[in-house]
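The structure appears below as structure tokens.
In the working numbering, the protein residues as written are 4 to 432.
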């Protein structure tokens, strides 16, 4: 699981003294917090360096017999099987002694392999060519193992930098006879073959992945010692025994079940023992679970379905009474009040009733006096009316260029006195 910030294949791609700032370029990293401290006695400095292979999936110790000082992230050429190999320096200095003491490695072991030199361009070219062959060799090796009907799973292939040896890591439930398979591998790949059986947890550490917590697997990043995990660890933590939820990607119980187990065991010391059943006048009460965060013990009455939370002091008191053949009348449970604020459910709101006809009528009444004032202002100022008329007439065609016709006066007879105008004929002149 490498990060995408190191685009180059150089040791110091992130420019942080040869190490990636995110910690994803190399697995099982150890921060050398003593690297910047001055050395008082250089002769007493540790002459052994820790070298990682295949991005930290395998680490070994090599003696530095050269006069050169190697920093974290430098590629070095090492002694290999009938050849040489190339690895990346992961740790130097006094912290190497602590790692060797932790893994039980002797610092002055004469059989320890040595560092030959700093890797040259030719060594790195051969190293990258061998690494490019690994995916194809792994795919072909699985096909050959399937042809022989061997009950094994090849998880990883590691080829030496000079291309003379290959190590095949596999997992199997039973013992496997792979003598015929080794012959096929040697004839197919022209390499010296070494088979190494690993466990399922080691396979998950080599392959890597993302756990249910959303982070990279612990075995791929920092966890080196795989301790046994039992279902009792889940029972102490009041977890449901669900195999799918408690299992990791390796198919075994999660290693993180042991992380907080000591804290739970310390907290459970305050709880009384042999308190699985309490006797009362109403019947027997059976223990369901223990809440170490609230110091409560939950009980269930025989034949009932209601849970009763009791304090530790109350359980001890009832237990003392039962020893004296005294049965209390009730359990006297406590009221469990959660500290979380209650969520108020949204209620129905009548949005339609917010706008009514009465409100519209009030607005109309308010607008009427304003309209009357505008009409009065228009009457008092006829210029405004003329402007409005001119605006309305602006869209009519212009008749100024047309010839004007002379209008003839029309003579109307005078109506006689004493007669109504209605009796006069309208067409007479």
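Virtual Cβ for every residue (Gly too), placed ideally from N, Cα, C.
- Taking 3 residues as the minimum length, the beta strand (DSSP E) runs contained wholly in the segment 74-162 are 78-83, 86-94, 117-121 and 156-162, in order along the chain.
- Taking each of 330, 349 and 299 in turn and checking the Cα distance to residue 338, the smallest one comes out for 299.
- Closest in alpha carbon position to residue 167, among 141, 244, 248 and 194, is 194.
- Annotation: residue 110 to residue 263 spans about 35 Å, alpha carbon to alpha carbon.
- Secondary structure of residue 283 (DSSP, three-state): strand.
- Contact between residue 181 and residue 144 is ruled out by a C-beta separation of about 11 Å, above the 8 Å threshold.
- With fewer than 16 other beta carbons inside 10 angstroms of its own, residue 190 counts as exposed.
- Closest in C-alpha terms to residue 233, from the list 255, 331, 192 and 128, comes 255.
- Per DSSP, reduced to three states, the secondary structure at residue 200 is strand.
- Beta-bridge partners assigned by DSSP to residue 51: 66.
- DSSP places residue 291 in the strand class (E or B) of the three-state scheme.
- When DSSP reads this structure, residue 299 sits in a beta bridge with 294 and 314.
- As DSSP reads the structure, residue 347 sits in no beta bridge.
- In the structure shown, the three-state DSSP call for residue 256 is strand.
- A Cβ-Cβ contact shorter than 8 Å links residue 171 with residue 198.
- Residue 304 has 288 as its beta-bridge partners, per DSSP.
- Contact fails between the segment 136-150 and the segment 80-92, because fewer than three Cβ pairs, one in each stretch, are under 8 Å apart.
- Counting only runs of 4 or more residues that sit fully inside the segment 209-247, the alpha helix (DSSP H) segments are 221-224 and 234-239, in chain order.
- Residue 62 counts as buried, since no fewer than 16 other beta carbons sit within 10 angstroms of its beta carbon.
- When the five nearest sequence neighbours on each side are left out, the beta carbons in the same chain lying within less than 7 Å of the beta carbon of residue 336 are those of 311, 312 and 313, in order along the chain.
- Residue pairing by DSSP leaves residue 330 without any beta bridge partner.
- Take the alpha-carbon of residue 129 and the one of residue 92: they are about 18 Å apart.
- Beta-bridge pairing by DSSP links residue 250 to 256.
- Beyond the five residues adjoining it in sequence on each side, residue 142 comes within less than 8 Å, by CB distance, of no other residue in the same chain.
- Setting aside the 5 residues that flank it on each side, residue 291 is surrounded in the same chain by 301 and 303, each with a C-beta closer than 6 Å to its C-beta; the list follows chain order.
- The C-beta distance from residue 334 to residue 278 rounds to 12 Å, too long to fall under 8 Å, and the pair is not in contact.
- Beta bridge pairing from DSSP links residue 172 with 159 and 199.
- Per DSSP, reduced to three states, the secondary structure at residue 61 is strand.
- Judged by DSSP in its simplified three-state form, residue 274 adopts coil rather than helix or strand.
- Taking C-beta separations shorter than 8 Å and ignoring five residues to either side along the sequence, the partners of residue 185 in its chain run 196 and 198, following chain order.
- Scanning 149, 156, 146 and 50 for the CA closest to the CA of residue 113 turns up 50.
- With contacts defined by Cβ atoms closer than 8 Å, residue 165 and residue 121 do not form a contacting pair.
- DSSP, read as helix, strand or coil, puts residue 181 in coil.
- The Cβ atoms of residue 64 and residue 33 lie no closer than 8 Å to each other.
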